Each structure stands twice: as C-alpha cells, then as structure tokens.
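Student: Note that numbering that gives the first Met the number 0 numbers the sequence shown so that position 26 is 25, with each residue one more than the last. By construction, the Cβ of each residue, glycine as well, lies at the ideal position given by its N, Cα and C atoms. Note that this is a predicted model, so its numbers are computed, not measured. Got a structure here, written out as structure tokens. Questions coming.
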Amino acid sequence: MQNSKNSQWLHAISRRAFLNRSAGSVGTVAFASLLGQESRPVQAAPMPGVLTNPPLPQKAKRIIWLTMAGGPSQLETFDPKPKLAEMHG
C-alpha cells in the first residue's frame, strides 16, 4: 500500500519534466566549471604595505547620508524669490 503523500508527489511531475530540469541543472554546472577555468585571476607580485592592516583601527569622523527613495522634498527645495514678484508686477 502506497502512502498518499508520496503517490501525489510522484504523479505531480512527469518523467519528461524531470529529465528536462535535471539536464538543465547538469548543463549549468558544466558551463560554470568551464567558465571557472578561464577566468582565474593572474597572481601579481604583492606590493609591500598595500595589503597590511593599518596600525590603529580607524574611526569614521563623517558620514554621507543618502535617501534614495525619491527626490528631495518640496520643503527642502523651496526657494522664495520676492524680487520676482516685484519685477513681474
């Protein structure tokens, strides 16, 4: 007697779909290994002092705060021009 959960899972995917997904996975792994062989970086001679740690831990003195949700608000960009009203009449 089969378990109902197992039999539902077995019939949910066809043999053709299983083989297509498996072949795609194997192809992706093979392609990644081929790319990995060609894209290895060349080891350069190390320069003295470039990759060493600084003598003391550095502390941030200033920060730049960016809010990327949209543009600045109209209150921050409002620039009253009383001379313009005078000149326009």
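For chain C, check one thing: does any of its Cβ atoms lie closer than 8 Å to the Cβ of S32?
Tutor: In the displayed structure, chain C is absent; only one protein chain is listed.
Student: Whole angstroms are fine: how far does the CA of F30 sit from the CA of R15?
Tutor: About 22 Å.
Student: Helix, strand or coil for A59, going by three-state DSSP, please let me know.
Tutor: Coil, per DSSP.
Student: Roughly how many whole angstroms lie between the Cα atoms of M86 and I63?
Tutor: Near 39 Å, if we compare the C-alpha coordinates of I63 and M86.
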